[in-house]
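Asks: Residue numbers (our numbering): 413 to 885.
I have a structure here, written as structure tokens, and I will follow up with some questions on it.
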Amino acid sequence: MLLSPRRMFFATLLLSLASLGTAHATAFYIDATSGNDANTGTSPSQAWSGLAPVNQHKFKADDQIFFHAGQTWVGVLEPHGSGTADHPITLGSYGEGAKPLFKGEGADATLVLRDVSGWTVQDIAITNHGGKNDKHIGVLIHTKHFSFAIHLLRVDVSDVNGELAKSTGGIGIVAWGKDGDPAHFDDVLIDHCTVSHVDSEGIWLHVTDSELRTYRNTHVRITGTTITDTGHNAIYLRGTLDGLIDHNVVRFAAAHEHGNAICIGWAKHTVVRNNEVSETGVNTGDHDNGAIDVDDGAVGAVVEYNWSHDNVGGAVNVYTQPNRDCDAVGTIIRYNLSENDGIHVFGVHGADHGTAIYNNTAYVGKGHSPRAVDAGQYTHHPQLPDGILFARNVFFNEGKIKFEWRAKNIMADGNCYLGKSPDGPPADAHMVKDKKLQLSGVPIRNRSEAGVYRIPSGSGCGPLLPALPNESG
413 MLLSPRRMFF ATLLLSLASL GTAHATAFYI DATSGNDANT GTSPSQAWSG LAPVNQHKFK
473 ADDQIFFHAG QTWVGVLEPH GSGTADHPIT LGSYGEGAKP LFKGEGADAT LVLRDVSGWT
533 VQDIAITNHG GKNDKHIGVL IHTKHFSFAI HLLRVDVSDV NGELAKSTGG IGIVAWGKDG
593 DPAHFDDVLI DHCTVSHVDS EGIWLHVTDS ELRTYRNTHV RITGTTITDT GHNAIYLRGT
653 LDGLIDHNVV RFAAAHEHGN AICIGWAKHT VVRNNEVSET GVNTGDHDNG AIDVDDGAVG
713 AVVEYNWSHD NVGGAVNVYT QPNRDCDAVG TIIRYNLSEN DGIHVFGVHG ADHGTAIYNN
773 TAYVGKGHSP RAVDAGQYTH HPQLPDGILF ARNVFFNEGK IKFEWRAKNI MADGNCYLGK
833 SPDGPPADAH MVKDKKLQLS GVPIRNRSEA GVYRIPSGSG CGPLLPALPN ESG
């Protein structure tokens, strides 16, 4: 069908408007060896040399900023300008060699994205080593109002030292308004990055106290990322709605101060799925130091298909401080595999309501004696958890397991204990105890081996059997 001249005019106008965001996009190049800050920066032969021209320029949608591979810059990288979700500004590398390295050398933060939107940062490396009593951050993503579409892809952050404070470390996402003005993010993605040897946090989202209860930060996802050796927590999300923490590997969290590997607090409908967490708190005793912690103010958290092993403080904890109006409500813990975790497998303490623990698998090896469930008060406060479902969990026990049940409204049903019988399990109308235990290849070395924990035929366990971490896709 032919368009009328009037419709043709408007169709052409719409196409023109749609292309405005890309018509003037520019690629910029930075070469520390052969570049010059007096150049235009718009071609490899006209590359800039240092960080100053990058920090002084205001970039636009679809602009690209390329740092030469295999080279190093010292100082703070703080570019300006915003893209859009569909037409982001991209910062990355060009040429052959290792990822471009940015060294903060004791700066407050090495890479700063402040009050900008529509940025994709990829394939670079960050360090920030300075005085140990200072506060340092590798990557700081900060908004005082509203920012969206901030993506970090394959970014390596390491060697960030300093004071063991919760607002320092590897990658900080900070929504911090001024004078009561609310601040929040939408669409923050950390994908296949690495964070290693940082104090204090690995990756964290921090909000003002007044914003904790609003759950305004949306579409925050941390995925495919490896985090190793953090002074305190490895991942800590607060003030989020529908956050997703999935397919990450965390080792040696809380290496210098008690904490947890993956922690969520004041977050609504967070899903923690398909992560491997190990060796949390091996150097700092048994206070906290769990693989996954559902903390104050968490509502509707789902913890599923995770593989937890050798964590001092247990696999999954729901710990909430009473009398602070920050109860944890409706936590679901299911389809997880725990191997040789420390003082307990599951901990439920304080102002927790409606916690469901079902269809999980746990292996307790020789010489280990954890509590299968440790339920009771938070420190010395008398308030007890209210409402715990403990159903269809399977324990392969070659050590010694026991229970500490001090909670209200407990329901246990269909739990299965293979090997040595537990000490003091809760009343369970369909409990299965079977001393026959034939296992080989345990503890496992990778997720693909989790099939060794399939329920043996004739065990009587069931009727609905646990799914293992590698079966969830």
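For each residue, glycine too, the CB sits at the ideal point set by N, CA and C.
(1) Specify, as a first and last residue, the run of the beta strand (DSSP E) that V528 falls within.
(2) Could you check the C-alpha separation between T424 and A437 for me, to the nearest Å?
(3) Hey, could you find the ends of the alpha helix (DSSP H) V466 is sitting in?
(4) For a test of the three-state rule: what should DSSP assign to E517, helix, strand or coil?
(5) Helix or strand or just coil, what does DSSP make of V864?
(6) For the beta strand (DSSP E) holding G831, just list the boundary residues, first then last.
(7) Please name the residue or residues paired with E914 in a DSSP beta bridge.
(8) Take H765 and list the residues in its own chain whose beta-carbon comes closer than 8 Å to its own, dropping the five residues that flank it on each side.
(9) Which same chain residues, not among the five before or five after D707, have their C-beta less than 6 Å away from its C-beta?
(10) Going by DSSP, what residue range makes up the beta strand (DSSP E) through L601?
(11) Among residues of its own chain, excluding the 5 on either side of G518, which ones have a beta-carbon nearer than 8 Å to its beta-carbon?
(12) Which runs of the beta strand (DSSP E) at least 3 residues long sit entirely within the segment 565–645? Give them in chain order.
(13) CB W531 to CB T555, shorter than 9 Å?
(14) Less than 8 Å between C-beta atoms, sequence neighbours within five positions excluded: which residues of the same chain meet that for A577?
(15) Can you grab the Cα-Cα spacing for the pair G759 / I477, in whole Å?
(16) Sorted by chain position, which residues of the same chain lie with C-beta nearer than 6 Å to R633's C-beta, five sequence neighbours on each side aside?
(17) In its own chain, which residues sit with a C-beta less than 6 Å from the C-beta of N645, not counting the 5 before and 5 after it?
(18) Residues in the same chain with beta-carbon distance under 6 Å from V711, minus the five sequence neighbours each way, listed in chain order, please.
(19) Using DSSP's beta-bridge definition, name the partner residues of D846.
(20) Would a C-beta distance cut-off of 9 Å place P834 and K814 closer than the cut-off?
(21) Roughly how many angstroms separate the alpha carbons of T637 and H604, rounded to a whole number?
(22) Would you grab the beta carbon distance between G779 and G811 for me? Rounded to a whole angstrom, and I think it's under 8 Å.
(23) Is it the case that the Cβ atoms of G584 and V551 are separated by a distance below 9 Å?
(24) Less than 6 Å between C-beta atoms, sequence neighbours within five positions excluded: which residues of the same chain meet that for R419?
(25) Looking at A666: is its Cβ nearer than 9 Å to the Cβ of I639?
(26) Are the Cβ atoms of V586 and H609 separated by less than 9 Å?
(27) How should C873 be labelled, buried or exposed, when 16 other C-beta atoms within 10 angstroms of its C-beta is the threshold for buried?
(28) Is it right to say P794 is buried, meaning 16 or more other beta carbons lie within 10 angstroms of its own, or is it exposed?
(29) For L649, which of Y627, V662 and L830 has the nearest alpha-carbon?
Replies: Concretely, from the data shown:
(1) The residue you call residue 528 lines up with position 116 of the sequence shown. That residue, V528, is in no beta strand (DSSP E); it is neither H nor E in DSSP.
(2) Here the question's residue 424 lines up with position 12 in the sequence shown. Here the question's residue 437 lines up with position 25 in the sequence shown. Note on T424: pLDDT 45, under 50, position unreliable in the model; the coordinate value appears next. Going from the Cα of T424 to the Cα of A437 covers about 21 Å.
(3) Residue 466 sits at position 54 when you count from the first residue of the sequence shown. From DSSP, the alpha helix (DSSP H) with V466 extends over A464 to Q468.
(4) On the sequence shown, residue 517 is found 105 positions in, with the first residue counted as 1. DSSP places E517 in coil when its eight states are reduced to three.
(5) The residue you call residue 864 lines up with position 452 of the sequence shown. Helix.
(6) Looking up residue 831 in the sequence shown gives position 419. Here the beta strand (DSSP E) through G831 covers C828 to G831.
(7) Because the chain is modelled from 413 through 885, residue 914 falls outside the range shown and cannot be assessed.
(8) For the purposes of this step, residue 765 is taken as the residue at position 353 of the sequence shown. Cβ neighbours of H765 beyond the five flanking positions: D739, A740, V741, G742, P797, D798 and G799.
(9) Walking along the sequence shown from the start, residue 707 turns up at place 295. Counting only Cβ-Cβ distances below 6 Å, and skipping sequence neighbours, we find C675 and G677.
(10) The sequence position of residue 601 within the sequence shown is 189, counting from 1. Where L601 is concerned, the enclosing beta strand (DSSP E) stretches over H596 to D603.
(11) One-based indexing of the sequence shown puts residue 518 at position 106. Correct list, in chain order: N540, H541, G542, G543, D546 and H548.
(12) 568–572, 581–587, 596–603, 606–610, 613–619, 629–635 and 638–642
(13) To locate residue 531, count along the sequence shown from 1; it is residue 119. To locate residue 555, count along the sequence shown from 1; it is residue 143. Against a cut-off of 9 Å, the Cβ pair of T555 and W531 comes out as no contact.
(14) Walking along the sequence shown from the start, residue 577 turns up at place 165. Same-chain partners within the cutoff: K547 and S612.
(15) For the purposes of this step, residue 759 is identified with residue 347 of the sequence shown, where counting begins at 1. For the purposes of this step, residue 477 is identified with residue 65 of the sequence shown, where counting begins at 1. C-alpha separation (whole angstroms): 48 Å.
(16) Counting from 1 along the sequence shown, the entry for residue 633 is found at position 221. Within the same chain, R633 has close Cβ partners L601 and L656.
(17) Here residue 645 corresponds to residue number 233 of the sequence shown, with the count starting at 1. Here the set comprises E613, G671, N672 and C675.
(18) Residue mapping note: residue 711 aligns to position 299 of the sequence shown, counting from 1. Counting only Cβ-Cβ distances below 6 Å, and skipping sequence neighbours, we find K680 and V741.
(19) Your numbering for residue 846 matches position 434 in the sequence shown. For D846, which the question treats as bridged, DSSP gives the partners L830.
(20) Sequence index remark: in the sequence shown, residue 834 carries index 422 (1-based). Sequence index remark: in the sequence shown, residue 814 carries index 402 (1-based). Going by C-beta atoms, P834 is nearer than 9 Å to K814.
(21) One-based indexing of the sequence shown puts residue 637 at position 225. One-based indexing of the sequence shown puts residue 604 at position 192. T637 and H604: Cα-Cα distance of roughly 4 Å.
(22) The residue labelled residue 779 in the question sits at position 367 within the sequence shown. The residue labelled residue 811 in the question sits at position 399 within the sequence shown. Yes, they are in contact, since the Cβ atoms of G779 and G811 sit about 6 Å apart, within 8 Å.
(23) Numbered from 1 along the sequence shown, position 172 holds the residue referred to as residue 584. Numbered from 1 along the sequence shown, position 139 holds the residue referred to as residue 551. Cβ distance < 9 Å, so G584 and V551 count as in contact.
(24) The residue labelled residue 419 in the question sits at position 7 within the sequence shown. Caution applies to R419, whose pLDDT of 47 falls short of 50 and renders its modelled position unreliable; the value that the coordinates give is listed next. Closer than 6 Å at the Cβ level, and outside the excluded window around R419, lies no residue.
(25) Reading the sequence shown from its first residue, position 254 is the one you call residue 666. Reading the sequence shown from its first residue, position 227 is the one you call residue 639. Taking 9 Å as the Cβ cut-off, A666 and I639 do not qualify as a contacting pair.
(26) As a working note, residue 586 is residue 174 in the sequence shown. As a working note, residue 609 is residue 197 in the sequence shown. The answer is no: Cβ separation not under 9 Å.
(27) Translated into positions along the sequence shown, residue 873 becomes position 461. Under this definition C873 is a buried residue.
(28) Along the sequence shown, one-based indexing puts residue 794 at 382. Flag for P794 reads exposed.
(29) Translated into positions along the sequence shown, residue 649 becomes position 237. Closest option to L649, Cα to Cα, is Y627.
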